[in-house]
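Peer 1: Chains as they are written, first to last, in our numbering: chain V, 16 to 386; chain S, 247 to 498. This is the structure I want to talk about, given as structure tokens.
Given below as structure tokens:
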């Protein structure tokens with residue numbers, strides 16, 4: 016049975032694992048007890064370490080209209096696609112900060128962000144760091160294969176919401192409208208040989224417990240069917256962005272903590288990833304409880320680290336250029352506003368204070384090619 | 247010639263300084279380092295400097311291929327390690343399954359065959375499979391390293407029955423690796439006749455790793471001493487003081 020069929024039947028058929036996970040979300044177990052169990056399991060399986068990575072936005076051009084996203088086509092924002100030298104300049108900056116693991120991020124645009132563009136970006140960055148992963152629009156298995164051959168080891172695709180009706184309301188134009196095509200991305204990625212596969216629901220769209228249950232079902236499915244890939248889950252909570260979309264559903268930090276700990280207790284060996292969407296105090300607090308990988312010092316706009324690409328910014332809306340000329344020092348518009356703006360070194364120092372060893376390099380050039 | 251029968255892993259510590267301090271007091275002489283965490287480029291990368299924290303005068307570093315999915319990746323990684331100046335020893339660790347990190351027997355045998363031919367001292371990490379252990383011996387492995395239970399599980403010698411067969415049949419040293427969560431587990435492995443044990447998680451995540459490593463070292467010595475002296479056979483049942491067959495001796 017494909018995952019989409021399982022998702023459709025989630026109310027009728029749930030494994031014992033999922034039922035237990037659902038109970039953990041309801042509050043039947045006190046949060047403190049859940050957190051202690053989660054912290055213990057995380058320490059056992061991952062030790063006292065935290066992997067660090069940074070996103071590298073290469074383009075904020077996008078053909079989709081997604082109501083919550085700053086890059087949405089109908090937002091009048093400053094857009095740019097970095098050229099290869101600019102991508103290298105950004106990567107060099109991140110390498111100097113210590114990063115040996117870089118996540119390439121881009122909007123969806125068949126012209127500006129074509130697979131061959133991504134391949135070249137990967138090859139250039141991979142000369143500097145061993146671990147390169149991607150968070151880009153869904154591709155075909157064949158396209159993913161060329162990406163893997165270029166040296167990328169990980170792929171992250173957030174489903175945004177696992178509720179198809181809500182999905183349809185939020186994604187009103189562009190190829191991203193295709194719910195099922197996006198949902199099957201992890202399996203296509205696995206077939207193409209990606210070693211790490213990242214999932215997530217954008218928290219703040221659907222009712223969080225419902226989204227969490229679907230997400231856990233997805234994890235359970237992939238652990239069985241894609242057994243050679245390391246499965247990771249990220250927890251993006253909606254942040255303010257261009258378009259000023261307001262969260263449809265509230266999810267507070269206690270809820271988020273419960274979700275993270277419940278996932279850890281249910282799936283002790285999966286990777287759990289936290290971005291700079293969350294504020295420093297929360298990140299420091301949750302770090303030892305279940306998280307295994309964190310971004311730090313992040314920018315969510317292309318050229319954000321070095322100012323690369325500023326000379327060719329274009330203010331566009333629905334693909335059409337607007338006549339306003341950007342000020343000289345203006346940068347591209349970010350995807351969202353981050354909450355943890357601490358410098359990378361500061362985050363690493365804080366992790367050490369908490370008793371976690373920041374791990375920068377955890378991958379080798381010798382691992383490459385399809386599985 | 248090595249004196250300690252305790253081998254240590256270097257992952258999962260709260261800092262590289264704590265790791266170094268733990269190694270120092272452990273009495274261990276062999277330590278294994280995951281190559282994916284080390285800098286093999288020769289650039290002394292300060293963000294991948296785990297090898298700087300292992301004193302090569304005191305310890306033999308055995309690189310491990312953790313993260314490799316198949317034989318060709320493990321072989322490539324081993325060659326890179328030698329180019330980077332590491333000893334021509336390698337702990338072959340091939341686990342395509344990132345969840346339980348269970349070793350792939352087919353790829354492990356393949357990698358061992360290639361690396362032995364290239365002159366490596368090969369220490370393969372395997373499931374507790376007696377036939378595979380013999381096949382690896384035939385291929386020229388220096389030791390075999392069967393698991394007690396899955397990596398990081400702290401469940402001890404769940405494979406005891408298979409380990410007993412491996413030890414009984416082996417012509418190379420048997421090093422019990424993985425899953426040893428308490429000093430008593432290590433002692434039990436030594437009592438079975440293991441030549442050594444390899445411990446990582448239980449020490450690295452302890453509240454006081456230097457203290458825990460000393461506890462493991464003591465357990466290893468105790469278990470070995472008991473093995474050498476010979477443990478009395480455990481009896482499955484009580485022996486009756488009035489034999490049940492006594493009637494046969496009664497003269498008619």
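Don't be surprised by glycine CBs; every beta carbon is placed ideally from N, CA and C.
By alpha-carbon positions, which one of 84/V, 42/V, 55/V ends up nearest to residue 453/S?
Peer 2: The residue given as residue 453/S occupies position 207 in the second chain. When each option's Cα is compared against that of residue 453/S, the closest is 55/V.
Peer 1: Establish whether the CB of residue 379/V and some CB of chain S are separated by less than 8 Å.
Peer 2: Your numbering for residue 379/V matches position 364 in the first chain. Interface residue, yes.
Peer 1: Using Cβ-Cβ distances below 7 Å, what residues of the region 306–336 of chain S are close to chain V?
Peer 2: Within the region 306–336 of chain S, the qualifying residues are 313, 314, 315, 319, 322, 323, 326.
Peer 1: So with Cβ pairs under 8 Å, would you call residue 60/V a contact of chain S?
Peer 2: Position 45 of the first chain, counted from the first residue, corresponds to residue 60/V. Yes, residue 60/V counts as interfacial toward chain S.
Peer 1: According to DSSP, is residue 350/V part of a helix, a strand, or is it coil?
Peer 2: One-based indexing of the first chain puts residue 350/V at position 335. Coil.
Peer 1: Pick out the complete beta strand (DSSP E) segments inside the region 59–93 of chain V, 3 residues or longer, and give them in chain order.
Peer 2: Whole beta strand (DSSP E) segments, 3+ residues: 64–74.
Peer 1: By DSSP, does residue 161/V sit in helix, in strand, or in coil?
Peer 2: The count along the first chain starts at 1 and reaches residue 161/V at position 146. Helix.
Peer 1: Would you be able to state if there are at least three C-beta pairs under 8 Å between the region 283–291 of chain V and the region 27–44 of chain V?
Peer 2: Not touching, per the Cβ criterion.
Peer 1: Counting Cβ pairs, one atom from each stretch, are 3 or more of them under 8 Å apart for the region 260–277 of chain V and the region 312–327 of chain V?
Peer 2: No, they do not touch.
Peer 1: Does the beta-carbon of residue 334/V have 16 or more other beta-carbons within 10 angstroms, so that it is buried, or is it exposed?
Peer 2: To locate residue 334/V, count along the first chain from 1; it is residue 319. Its Cβ having fewer than 16 others within 10 Å, residue 334/V is exposed.
Peer 1: Can you say whether residue 265/S is buried or exposed, counting buried as having 16 or more other CB atoms within 10 angstroms of its CB?
Peer 2: Position 19 of the second chain, counted from the start, is the residue given in the question as residue 265/S. When all chains shown are included, residue 265/S counts as buried.
Peer 1: Express the C-alpha separation of residue 107/V and residue 288/S in angstroms, rounding to a whole number.
Peer 2: Counted from its first residue, the second chain places residue 288/S at position 42. Counted from its first residue, the first chain places residue 107/V at position 92. So the two alpha carbons sit approximately 19 Å from each other.
Peer 1: Can a CB atom of chain V be found closer than 8 Å to the CB of residue 251/S?
Peer 2: On the second chain, residue 251/S is found 5 positions in, with the first residue counted as 1. It does not: the Cβ of residue 251/S has no partner Cβ on chain V nearer than 8 Å.
Peer 1: What's the call for residue 365/S, buried or exposed, on a 16-neighbour Cβ count within 10 Å?
Peer 2: In the second chain, residue 365/S corresponds to position 119, counting from 1. Under this definition residue 365/S is an exposed residue.
Peer 1: Going by C-alpha distance, which of 368/V, 361/V, 317/V is nearest residue 345/V?
Peer 2: Position 330 of the first chain, counted from the first residue, corresponds to residue 345/V. Of the candidates 368/V, 361/V, 317/V, the one whose C-alpha sits nearest the C-alpha of residue 345/V is 317/V.
Peer 1: Under 8 Å, do residue 372/V and residue 291/V count as touching if we go by C-beta distance?
Peer 2: Sequence index remark: in the first chain, residue 372/V carries index 357 (1-based). Sequence index remark: in the first chain, residue 291/V carries index 276 (1-based). Not a contact, by the Cβ cut-off of 8 Å.
Peer 1: I'd like to know whether the C-beta of residue 371/V is nearer than 8 Å to at least one C-beta of chain S.
Peer 2: For the purposes of this step, residue 371/V is identified with residue 356 of the first chain, where counting begins at 1. Yes, its Cβ sits closer than 8 Å to a Cβ of chain S.
Peer 1: To the nearest angstrom, how far is the alpha carbon of residue 223/V from that of residue 305/S?
Peer 2: Here residue 223/V refers to the residue found at position 208 of the first chain. Here residue 305/S refers to the residue found at position 59 of the second chain. Straight-line Cα distance between these residues: approximately 51 Å.
Peer 1: Classify residue 385/V as helix, strand or coil using the three-state DSSP reduction.
Peer 2: Mapped onto the first chain, residue 385/V falls at position 370. Its pLDDT being 38, under 50, residue 385/V is placed unreliably in this model, and the coordinates cannot settle the point.
Peer 1: Just how far apart, CA to CA, sit residue 118/V and residue 409/S?
Peer 2: Indexing the first chain from 1 puts residue 118/V at position 103. Indexing the second chain from 1 puts residue 409/S at position 163. About 43 Å.
Peer 1: Spell out whether any CB of chain S is found under 8 Å from the CB atom of residue 113/V.
Peer 2: By 1-based counting over the first chain, the position of residue 113/V is 98. With 8 Å as the cut-off, residue 113/V counts as an interface residue toward chain S.
Peer 1: Can you list, in chain order, the stretches of the alpha helix (DSSP H) that have 4 or more residues and sit fully within the region 337–363 of chain S?
Peer 2: With a minimum length of 4 residues, the continuous alpha helix (DSSP H) runs that stay inside the region 337–363 of chain S are 351–363.
Peer 1: Of the residues that make up the region 446–459 of chain S, which ones have a beta carbon closer than 8 Å to any beta carbon in chain V?
Peer 2: Of all residues in the region 446–459 of chain S, 447, 450, 451 have a Cβ within less than 8 Å of some Cβ in chain V.
Peer 1: Using a C-beta to C-beta distance shorter than 7 Å, which residues of chain S count as neighbours of residue 367/V?
Peer 2: For the purposes of this step, residue 367/V is identified with residue 352 of the first chain, where counting begins at 1. 261, listed in chain order.
Peer 1: Closer than 7 Å by beta-carbon distance: list the chain V residues that pair up with residue 293/S, in chain order.
Peer 2: As a first step, residue 293/S is located in the second chain; it is residue number 47 there, counting from the start. Those within 7 Å of residue 293/S in chain V are 113, 115, 375, 376.
Peer 1: With a Cβ-Cβ cutoff of 8 Å, do residue 445/S and residue 281/S count as a contact?
Peer 2: Here residue 445/S is taken as the residue at index 199 of the second chain, counted from 1. Here residue 281/S is taken as the residue at index 35 of the second chain, counted from 1. No; because the gap between Cβ atoms is not below 8 Å, this pair is not in contact.
Peer 1: Please find out if some non-hydrogen atom of the ligand HEM comes closer than 7 Å to the beta-carbon of residue 163/V.
Peer 2: Of ligands this structure carries none, so the ligand HEM is not represented either.
Peer 1: Chain S partners of residue 124/V, CB-CB under 7 Å?
Peer 2: As a position in the first chain, residue 124/V is number 109, starting the count at 1. Correct list: empty, because the minimum Cβ distance to chain S is about 33 Å.
Peer 1: Comparing alpha-carbon positions, which option in 404/S, 256/S, 465/S, 328/S lies nearest residue 62/V?
Peer 2: To locate residue 62/V, count along the first chain from 1; it is residue 47. Of the listed residues, the one whose Cα sits closest to residue 62/V is 256/S.
Peer 1: Determine, using beta carbons only, whether residue 382/V and residue 233/V come nearer to each other than 8 Å.
Peer 2: Numbered from 1 along the first chain, position 367 holds the residue referred to as residue 382/V. Numbered from 1 along the first chain, position 218 holds the residue referred to as residue 233/V. It is not a contact, given that the beta carbons lie outside the stated cut-off.
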